[in-house]
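K.L.:
Once you know that position 326 of the sequence shown is 367 in the working numbering, the rest is easy, because the numbers rise by one and skip nothing.
Every residue, glycine too, gets a C-beta built ideally from N, C-alpha and C.
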Amino acid sequence: ALGGSLDPALAEASAASGAATLGGIGGLLSNPALLSNPAIAAAGVGLVVVATAVRDYLEAPLGAPYPANAKGYDPAAADRFYRARLPKVAARLLRLGWLTFGFNAKLALDFAAYKRAGSPEGEPWPNEADRGREALALATQLGPTFIKLAQALSIRTDLIPEAYALELRQLQDAVPPFPSTQAKEILASELGLPGGAAALASTFRSLSTEPLAAASIGQVYRGTLHDGRTVAVKVQRPAILDEIGLDLYLLRLLTPLQTRISNAVNRLPTYDADIASAQALVDEWGRGFVAETDYLYEADNTESFAEAMARRGLGAVTSPAVVRELSSSRVLVTEWVDGTRLDLDASPDVPRLCGVAINAYLTML
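Here is the structure:
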């Protein structure tokens with residue numbers, strides 16, 4: 042719960058670690074030699090009580106500092122919210138530091154080796170391909186906020202090396218999913234079905250057992266409605282805004298330090314305007330990210346986009362029709378559209394379609 046990790050193995054390891062800690066204390070208390078000493082026995086009982094209380098506190102739902110909508114992101118509200126929950130903030134910060142320490146140390150060694158080689162112009166740092174693979178694994182471990190950040194960076198080869206971008210592009214449609222049992226309970230709850238996941242058959246003639254794709258905020262199932270329509274069913278990850286809100290707060294908190302370090306590496310002075318600009322960038326990104334957690338906002342944009350394209354005579358560019366009666370702030374149901382990514386397709390009409398896409402982009406601008 043603390044780390045927000047999407048990797049089930051990591052979640053199991055974390056739970057096992059907590060259980061082992063309490064089990065170890067319990068084992069000490071069952072030692073007759075220790076129990077014969079009243080002071081040690083009392084101290085042991087106190088340790089169990091404290092350890093259990095700390096575990097329960099850290100694993101309790103954190104909540105979010107603002108609502109999930111297009112205007113929800115509020116740095117001031119986040120500051121007030123998390124200042125009242127400093128132990129959880131500290132725990133998340135320690136976890137981030139623990140997970141990223143090894144990667145950052147390797148980067149520092151690579152940079153030192155590059156400098157020793159005379160900083161050859163046009164040459165990459167050593168071990169760049171290995172670091173790209175490690176960056177992919179690290180983003181997955183760090184959770185939804187960092188997966189989203191990695192997705193954005195994966196198309197910015199002007200900011201990160203090509204080797205990193207190639208690896209991080211896997212996160213565009215291949216993020217580890219959360220359990221389908223949990224997803225279907227969320228779906229049933231959002232649809233107002235009192236029978237839970239077992240009642241989904243009243244709405245769907247069929248629904249895929251596992252997601253066909255997963256992303257940072259949600260995952261998609263293929264379903265068939267009783268009227269015969271094939272639909273895409275996107276279900277939001279549980280407590281996603283809790284994780285995003287805390288990570289955005291920490292990113293904003295650490296931005297001044299990161300700006301100073303970055304400028305120092307490049308032998309540049311750091312001015313107040315540099316820090317303000319960097320924090321404004323985090324805020325702008327945060328606003329968009331928080332807005333994406335409101336699927337009704339996405340539904341509105343999906344429909345308005347299709348209408349705008351048709352109104353401008355660009356009907357070849359459209360979006361899937363939204364099934365409004367089955368959509369909510371945490372579930373989005375649209376018509377199912379078969380297709381392929383242009384960059385992965387070898388069809389002869391790809392150049393023509395690229396022209397259509399560019400025309401649409403320029404029209405929107």
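(1) For residue 187, which residues from the same chain have a beta carbon less than 6 Å from its beta carbon, with the 5 sequence-adjacent residues on both sides left out?
(2) Where does the unbroken beta strand (DSSP E) through residue 247 begin, and where does it stop?
(3) Between the Cα of residue 230 and the Cα atoms of 395, 119, 370, which residue gives the shortest distance?
(4) Rounded to a whole number of angstroms, what is the C-alpha to C-alpha distance between residue 185 and residue 285?
(5) Let's see if you can read the secondary structure: which residues bound the beta strand (DSSP E) around residue 359?
(6) Residues in its own chain within less than 7 Å of residue 338 by CB, not counting five upstream and five downstream?
(7) Nearest to residue 271 by alpha carbon, out of 281, 169, 247?
(8) Give the single residue among 143, 206, 120, 275 whose Cα lies nearest to the Cα of residue 249.
(9) Does the Cβ of residue 57 have 16 or more other Cβ atoms within 10 Å, making it buried, or fewer, making it exposed?
(10) How would you label residue 225, buried or exposed, when you count the other beta carbons within 10 angstroms and need 16 or more for buried?
(11) For the candidate residues 315, 260, 139, 401, whose alpha-carbon lies nearest to that of residue 372?
(12) Answer yes or no: do residue 364 and residue 374 have a C-beta to C-beta separation smaller than 8 Å?
(13) According to DSSP, residue 263 sits in a beta bridge with which residue or residues?
(14) Kindly list the residues whose CB is nearer than 8 Å to the CB of residue 222, restricted to its own chain and excluding five residues on each side of it in sequence; keep chain order.
P.N.:
According to the structure data:
(1) Cβ neighbours of residue 187 beyond the five flanking positions: 180.
(2) That run of the beta strand (DSSP E) goes 245 to 248.
(3) Considering only 395, 119, 370, the residue with the shortest C-alpha distance to residue 230 is 370.
(4) One alpha carbon belongs to residue 185, the other to residue 285, and they sit about 7 Å apart.
(5) No beta strand (DSSP E) contains residue 359, which DSSP labels as neither H nor E.
(6) Shown here for residue 338: same chain residues with a beta carbon closer than 7 Å to its own, the five before and five after excluded, namely 110, 111, 332 in chain order.
(7) For the residues 281, 169, 247, the minimum Cα distance to residue 271 belongs to 247.
(8) Nearest option by C-alpha distance: 275.
(9) Reliability fails at residue 57, whose pLDDT of 46 lies under 50, so the model's placement of it is uncertain and the value that follows must be treated cautiously. Taking all protein chains shown into account, residue 57 has fewer than 16 neighbouring C-beta atoms within 10 Å of its C-beta and is therefore exposed.
(10) When all chains shown are included, residue 225 counts as buried.
(11) Answer by Cα proximity: 260.
(12) By the CB criterion at 8 Å, residue 364 and residue 374 fall inside the cutoff.
(13) BP columns for residue 263 point to 273.
(14) 238.
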